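Accompanying notes for the structure given below.
In full-length UniProt numbering, the protein residues as written are 1 to 89.
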(Lines of atoms letter the chains of each structure in order from A and count residues from 1; the text may use other names and numbers.)
(Lines give C-alpha, C1' and ligand atoms only; values in the text may rest on other atoms or scores of the structure.)
Protein backbone atom coordinates (compact mmCIF):
# COMPACT_ATOMS: atom_id res chain seq x y z
CA UNK A 1 0.00 0.00 0.00
CA UNK A 2 2.77 2.40 0.84
CA UNK A 3 4.26 1.84 -2.61
CA UNK A 4 1.00 3.02 -4.19
CA UNK A 5 1.29 6.30 -2.31
CA UNK A 6 4.79 6.96 -3.62
CA UNK A 7 3.37 7.99 -7.02
CA UNK A 8 0.55 10.04 -5.54
CA UNK A 9 -2.26 11.39 -7.66
CA UNK A 10 -5.10 13.76 -6.81
CA UNK A 11 -7.35 11.01 -5.46
CA UNK A 12 -6.41 7.69 -3.84
CA UNK A 13 -9.13 5.08 -3.33
CA UNK A 14 -8.58 2.66 -0.44
CA UNK A 15 -10.88 -0.32 0.11
CA UNK A 16 -10.64 -1.67 3.67
CA UNK A 17 -7.01 -0.48 3.97
CA UNK A 18 -6.53 -1.69 7.56
CA UNK A 19 -8.05 -5.13 7.03
CA UNK A 20 -5.61 -7.99 7.67
CA UNK A 21 -2.84 -5.69 8.91
CA UNK A 22 -1.30 -6.31 12.31
CA UNK A 23 -1.66 -3.49 14.83
CA UNK A 24 1.83 -2.13 14.23
CA UNK A 25 1.25 -1.98 10.46
CA UNK A 26 -2.14 -0.32 10.95
CA UNK A 27 -0.55 2.43 13.03
CA UNK A 28 2.29 2.96 10.55
CA UNK A 29 -0.09 3.07 7.59
CA UNK A 30 -2.42 5.49 9.37
CA UNK A 31 0.56 7.77 10.08
CA UNK A 32 1.57 7.56 6.42
CA UNK A 33 -1.92 8.60 5.29
CA UNK A 34 -2.04 11.47 7.79
CA UNK A 35 1.42 12.65 6.72
CA UNK A 36 0.41 12.54 3.05
CA UNK A 37 -2.74 14.52 3.85
CA UNK A 38 -0.64 17.21 5.54
CA UNK A 39 2.04 17.53 2.88
CA UNK A 40 0.07 17.16 -0.36
CA UNK A 41 -3.26 18.03 -1.91
CA UNK A 42 -4.30 14.39 -2.20
CA UNK A 43 -7.85 13.29 -1.43
CA UNK A 44 -8.33 9.87 0.12
CA UNK A 45 -11.58 8.02 -0.45
CA UNK A 46 -11.76 5.19 2.07
CA UNK A 47 -14.30 2.40 2.10
CA UNK A 48 -14.19 0.73 5.48
CA UNK A 49 -16.02 -0.89 8.35
CA UNK A 50 -13.28 0.09 10.83
CA UNK A 51 -14.68 3.37 12.09
CA UNK A 52 -12.03 4.06 14.73
CA UNK A 53 -9.28 4.63 12.17
CA UNK A 54 -11.54 6.58 9.84
CA UNK A 55 -12.68 9.05 12.48
CA UNK A 56 -9.01 9.84 13.14
CA UNK A 57 -8.10 10.18 9.46
CA UNK A 58 -11.14 11.62 7.72
CA UNK A 59 -12.36 15.20 7.52
CA UNK A 60 -15.71 13.95 6.24
CA UNK A 61 -17.55 10.63 6.58
CA UNK A 62 -20.47 9.75 4.32
CA UNK A 63 -22.79 6.86 5.15
CA UNK A 64 -24.45 5.14 2.20
CA UNK A 65 -27.44 2.81 2.16
CA UNK A 66 -28.29 1.14 -1.15
CA UNK A 67 -26.31 3.81 -2.99
CA UNK A 68 -28.02 6.77 -1.30
CA UNK A 69 -26.35 9.19 1.09
CA UNK A 70 -28.03 8.89 4.47
CA UNK A 71 -25.56 10.93 6.51
CA UNK A 72 -22.79 13.37 5.59
CA UNK A 73 -20.69 14.09 8.68
CA UNK A 74 -18.18 16.92 8.71
CA UNK A 75 -17.93 17.80 12.41
CA UNK A 76 -14.84 15.83 13.44
CA UNK A 77 -15.55 16.20 17.15
CA UNK A 78 -18.99 14.59 16.77
CA UNK A 79 -18.25 11.89 14.17
CA UNK A 80 -17.67 8.95 16.49
CA UNK A 81 -20.75 9.75 18.60
CA UNK A 82 -22.90 10.13 15.46
CA UNK A 83 -21.65 6.85 14.05
CA UNK A 84 -22.15 5.09 17.36
CA UNK A 85 -25.72 6.40 17.63
CA UNK A 86 -26.50 5.41 14.04
CA UNK A 87 -25.23 1.85 14.36
CA UNK A 88 -26.90 1.27 17.73
CA UNK A 89 -30.36 1.80 16.17
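Glycine included, C-beta positions come from ideal geometry on N, C-alpha and C.
Please read these numbers as outputs of a predicted model, since none were measured by experiment.
Look up residue i in the DSSP assignment and say whether it is helix, strand or coil.
i: residue 31; result: helix
i: residue 65; result: strand
i: residue 72; result: strand
i: residue 50; result: coil
Pick out whichever of the options has its Cα sitting closest to the Cα of residue i.
i: residue 16; options: 69, 85, 47, 78; result: 47
i: residue 63; options: 74, 56, 57; result: 74
i: residue 77; options: 61, 88, 65, 9; result: 61
So, for residue i: in the same chain, excluding its five sequence neighbours on each side, which residues have a beta-carbon less than 6 Å away from its beta-carbon?
i: residue 51; result: 83
i: residue 70; result: 63
i: residue 72; result: 62
Would the beta-carbon of residue i fall within 9 Å of that of residue j?
i: residue 56; j: residue 23; result: no
Leaving out five residues before and five after residue i in sequence, what residues of the same chain have Cβ atoms less than 7 Å from its Cβ?
i: residue 31; result: none
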